[in-house]
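**Student:** Pasting in a structure now, in structure tokens, and then I'll have a few things to ask.
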Amino acid sequence: MEVQDIADKFKQLFDATPLLVRSPGRINLIGEHTDYNDGFVLPAAIDKEIIFAIAPNQTRKARFYAFNFDDSFEVDLLELTRNEKNWANYLMGVVWELQQLGHRIEGFDLVLGGNVPIGAGLSSSAAVECGLAYALNALFELQVPTLDLIQLVQRAENNFVGMKCGIMDPFAVMLGKRDRVIKLDCRSLEYEYYPFEIDAYRVVLCDSNIEHALVDSEYNVRRHQCEEGVRIIQRRAPNVQSLRDVTMGLLRQCRDEMDPLIYRRCSYVVQENTRVELACRDLEVRSLNAFGKQMYRTHHGLSHDYEVSTPELDFLVARSQEDPHVLGARLMGGGFGGCTINLVEVDHVTDFAERMKNAYYTETKRDLSLYVTRIVDGVSPV
Ligand code: GAF
């Protein structure tokens with residue numbers, strides 16, 4: 001699907017000249033399930049995008065058309081409520097949160113569509129939400145600063161959609177930069193761009209084609225388990241606000257007071273925060289080998305201690321680990337399905353893809369989808 005397809009559809013449905021905006025999906029190199037623990041992450045925006053065509057319609061209504069689903073939805077902007085058309089909730093959530101900030105959103109028409117796979121852990125949801133937030137901000141000259149838009153998108157997903165996600169995804173989608181990864185401190189929201197110079201390698205995503213469903217899933221349970229861990233740790237260390245403030249030494253001191261399951265959840269998060277720091281140092285000295293090893297360690301923690309993997313994702317990572325042309329691999333995003341992220345030698349990407357597809361089919365009788373990604377800029381006008 002091209003930008004032109006979206007623009008043509010808009011013309012056909014609404015007969016007006018729209019503003020066009022692109023909004024990318026994201027990858028995360030390392031730092032998984034750390035964002036809602038006030039920790040560190042290392043994401044980037046990628047060349048899978050959703051295109052928006054939008055124009056005011058001089059009514060009180062928003063009219064949406066989702067190209068990928070060939071489905072439409074219309075709503076009175078003064079009567080926004082959750083709907084069984086789930087895709088529309090991501091859009092309404094953004095409008096709702098803008099209204100909560102006191103902005104009057106006039107009626108508008110919208111066509112959206114793109115190639116960010118849904119449920120693959122590439123944050124199609126943040127791509128949809130950020131694209132609309134950016135587009136409405138531009139269309140109605142609301143002058144909401146970018147950082148506020150990012151936080152608003154997180155609230156839209158937390159409150160309207162009901163998924164208690166962290167800040168990483170909207171941050172990467174809005175502020176991604178070509179050929180850079182973002183080291184983000186999810187507590188202070190200070191961030192730094194790191195050059196991601198991997199000339200001889202490619203970031204390859206292996207999509208298990210098992211759609212993750214985070215809203216009703218274990219994701220929110222993991223959040224609560226981390227919070228419970230923090231409450232127990234606070235009995236000894238009242239200054240601790242989140243797992244970000246905890247060392248393995250302190251956690252071990254609290255071990256006897258904790259359910260073993262809570263201990264394992266917390267120990268994963270504490271170690272993952274350290275891994276982000278180490279991985280950034282690896283990038284600074286251009287040691288991609290060491291960086292890749294951190295990725296494997298992350299996967300081990302996500303699978304054994306945080307328990308958000310699936311047999312299929314474990315299989316894919318184990319296969320990558322046997323391959324001398326892969327530096328590192330791990331499940332990416334919330335887990336329970338979706339993709340693995342792999343650092344693969346550029347000259348071996350084709351062989352890698354072939355081998356992984358065959359092995360995955362033999363093991364699971366499912367098809368594997370592969371995406372060789374490039375790191376691009378965050379949301380922008382087209
Ligand atoms: C999902 C969430 F939306 C993010 O906020 C983050 O927690 C991620 O899972 C896990 O790192 O993508």
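So that you can map any letter, position 135 of the sequence shown is 135 in full-length UniProt numbering, and since no number is skipped, the others follow by simple counting. Each residue gets a CB set at the ideal place from its N, CA and C atoms; glycine is no exception. What you are looking at is a predicted structure, and each value in this text was computed from that prediction instead of being measured.
1) So the candidates are Cys206, Asp256, Glu228; which of them puts its Cα closest to the Cα of Tyr371?
2) Please indicate yes or no: does the CB of Gly119 lie closer than 7 Å to some heavy atom of the ligand GAF?
3) Taking the beta strand (DSSP E) that Ile232 belongs to, which residues open and close that run?
4) Exposed or buried, what is Ala53 when buried is set at 16 or more other beta-carbons lying within 10 Å of its beta-carbon?
5) Residues in the same chain with beta-carbon distance under 7 Å from Gln234, minus the five sequence neighbours each way, listed in chain order, please.
6) Relative to the C-alpha of Tyr263, which residue among Arg286, Gly292, Gly229, Ser188 is closest?
7) If you measure from the CB of Tyr268, is any heavy atom of the ligand GAF nearer than 7 Å?
8) Can you pull every residue whose C-beta falls closer than 6 Å to some heavy atom of the ligand GAF, listed in chain order?
9) CB-CB under 7 Å to Trp87, same chain, minus the five flanking residues each way: which ones, in chain order?
10) Using DSSP with H/G/I as helix, E/B as strand and the rest coil, what is Ser320?
11) Do Met356 and Arg319 have their C-beta atoms within less than 8 Å of each other?
12) Which ranges would you report for the beta strand (DSSP E) in the region 76-128 if only whole runs of at least 3 residues count?
13) Using C-beta distances below 8 Å, list every residue in its chain close to Ile232, excluding the 5 sequence neighbours before and after it, in chain order.
14) From Ile50 to Ala237, what does the alpha carbon distance come to, in whole angstroms?
15) Please say whether Ala62 and Ala16 have beta carbons closer to each other than 8 Å?
16) Which residues does DSSP pair with Asn28 in a beta bridge?
17) Closest to Leu98 by CA distance: which of Val317, Gln143, Lys293 is it?
18) Among Asn37, Ala133, Tyr193, Arg275, which one has its Cα closest to the Cα of Ala156?
19) Need the endpoints of the alpha helix (DSSP H) that Leu243 sits in, please.
20) Starting from residue 438, trace the alpha helix (DSSP H) in both directions and tell me its first and last residue.
21) Near Tyr268, what residues of its chain come up, given a Cβ to Cβ distance below 6 Å and the 5 sequence neighbours on each side ignored?
22) Assuming Cys280 contacts Lys164 under a Cβ cut-off of 8 Å, what Cβ separation, rounded to an integer in Å, is found between them?
23) Shortest alpha-carbon distance to Gly378 belongs to which of Asn28, Pro260, Asp47?
24) Please state the DSSP three-state secondary structure of residue 385.
25) Tell me whether Pro170 sits in a helix, a strand or coil according to DSSP, three-state version.
**Tutor:** Let's see:
1) With distances taken between Cα atoms, Tyr371 lies closest to Cys206.
2) False, no ligand heavy atom lies under 7 Å from that Cβ.
3) From DSSP, Ile232 is part of no beta strand (DSSP E) but of the alpha helix (DSSP H) over 219-236.
4) Result: buried.
5) Hits under 7 Å: Val240.
6) Taking only the C-alpha atoms, the option nearest Tyr263 is Gly229.
7) Flag unset: Cβ of Tyr268 not near the ligand GAF.
8) Result: Glu32, His33, Asp35, Tyr36, Ser123, Cys165, Gly166, Met168, Asp169, Gly333, Gly334.
9) Short of 7 Å from the beta carbon of Trp87, and not among the five residues preceding or following it, lie these beta carbons of its own chain, in chain order: Ala66, Phe69.
10) Here DSSP, grouped into helix, strand and coil, assigns Ser320 to helix.
11) Yes, the pair counts as a contact, with Cβ atoms nearer than the cut-off.
12) Correct list: 108-114.
13) Cβ neighbours of Ile232 beyond the five flanking positions: Cys254, Glu257, Met258, Ile262.
14) Ile50 and Ala237 have their C-alpha atoms roughly 45 Å apart.
15) Against a cut-off of 8 Å, the Cβ pair of Ala62 and Ala16 comes out as no contact.
16) When beta bridges are read from the DSSP output, Asn28 appears opposite Pro43.
17) Between Leu98 and the set Val317, Gln143, Lys293, the nearest pair of CA atoms involves Gln143.
18) Minimum Cα distance to Ala156 is reached at Ala133.
19) Leu243 -> no alpha helix (DSSP H), and no H or E assigned at all.
20) As displayed, the chain neither begins before 1 nor continues past 382, which places residue 438 out of reach and without an answer.
21) Exclusion of the five residues before and after Tyr268 leaves Gly301, Asp305, Tyr306 as the residues of its chain whose Cβ lies within less than 6 Å of its Cβ.
22) No, Cys280 and Lys164 are not in contact; Cβ-Cβ is about 27 Å, not under 8 Å.
23) Closest in alpha carbon position to Gly378, among Asn28, Pro260, Asp47, is Asp47.
24) Residue 385 falls outside the range modelled here, since the chain spans only 1 to 382, and no answer is possible.
25) In the structure shown, the three-state DSSP call for Pro170 is helix.
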